[in-house]
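Numbering (the numbering used here), first residue to last: 5 to 197.
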């Protein structure tokens with residue numbers, strides 16, 4: 005086999021390899037897009053992570069050892085359901101903020117929070133802030149009330165009104181390259197007899 009024939013054979017194999025890698029890459033993008041479209045379809049619930057900050061009032065006996073829950077609701081009526089806020093044994097101390105990272109159903113644009121308490125130990129909650137992670141959106145809800153399972157001490161459940169929201173001006177959903185270049189090197193050993 006002559007050198008020019010051999011070089012042409014290598015070029016043909018290189019072209020075949022590039023085409024194969026490109027097809028594999030495009031196939032992976034199509035499969036990923038299909039999964040994304042399925043999960044984002046109506047009726048298919050996405051999971052979301054939220055950062056919730058509660059501010060306990062700086063009032064006498066304002067703290068609590070009771071179990072506290074949050075239910076986040078969205079514009080289209082979606083809800084996370086009641087999720088317990090618990091990250092240590094010293095949550096909800098007088099005058100202190102507490103920060104929680106929770107996971108729940110993605111409710112879309114957040115429009116409300118319902119706070120609830122399970123325990124007779126009353127709690128004075130000033131406000132609650134919810135950030136939907138990676139969205140750039142932060143929502144503040146004003147409560148300013150006593151909560152307790154004992155109706156003589158406060159409300160067991162309360163819908164806190166939205167004070168305002170702050171959003172980033174842009175959001176990147178996903179990116180992908182428009183051109184794929186796959187560099188590779190082939191080493192060929194030729195044994196001449």
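We put the beta carbon where it would ideally sit given N, CA and C, even for glycine.
Test: residue i CB closer than 9 Å to a CB of chain C
i	result
residue 149	Among the protein chains of the structure shown there is no chain C, as only one such chain exists.
Straight-line gap, residue i to residue j (C-alpha atoms, nearest Å)
i	j	result
residue 8	residue 187	22 Å
residue 200	residue 56	Absent from the structure is residue 200, since the part of the chain shown begins at 5 and ends at 197.
residue 132	residue 25	50 Å
residue 159	residue 71	14 Å
residue 85	residue 17	57 Å
residue 153	residue 81	26 Å
Minimum C-alpha distance to residue i - residue among the options
i	options	result
residue 87	108, 140 and 67	108
residue 77	100, 116, 106 and 70	116
residue 64	192, 144, 127 and 166	127
residue 58	75, 160 and 104	104
residue 22	95, 194 and 189	189
residue 98	163, 136, 150 and 133	150
residue 79	193, 194, 191 and 166	166
residue 54	159, 17 and 138	138
residue 144	130, 154, 85 and 122	130
residue 148	136, 164 and 134	164
residue 134	14, 11, 106 and 192	106
Exposed unless 16 or more other CB atoms sit within 10 angstroms - verdict on residue i
i	result
residue 51	exposed
residue 172	Confidence at residue 172 is low in this model, with a pLDDT of 35, below 50, so its placement is unreliable and the value that follows should be read with caution. Exposed, because fewer than 16 other Cβ atoms sit within 10 Å of the Cβ of residue 172.
residue 60	buried
residue 111	buried
residue 93	exposed
Sub-9 Å separation of residue i and residue j beta-carbons
i	j	result
residue 120	residue 157	no
residue 118	residue 141	no
residue 75	residue 96	no
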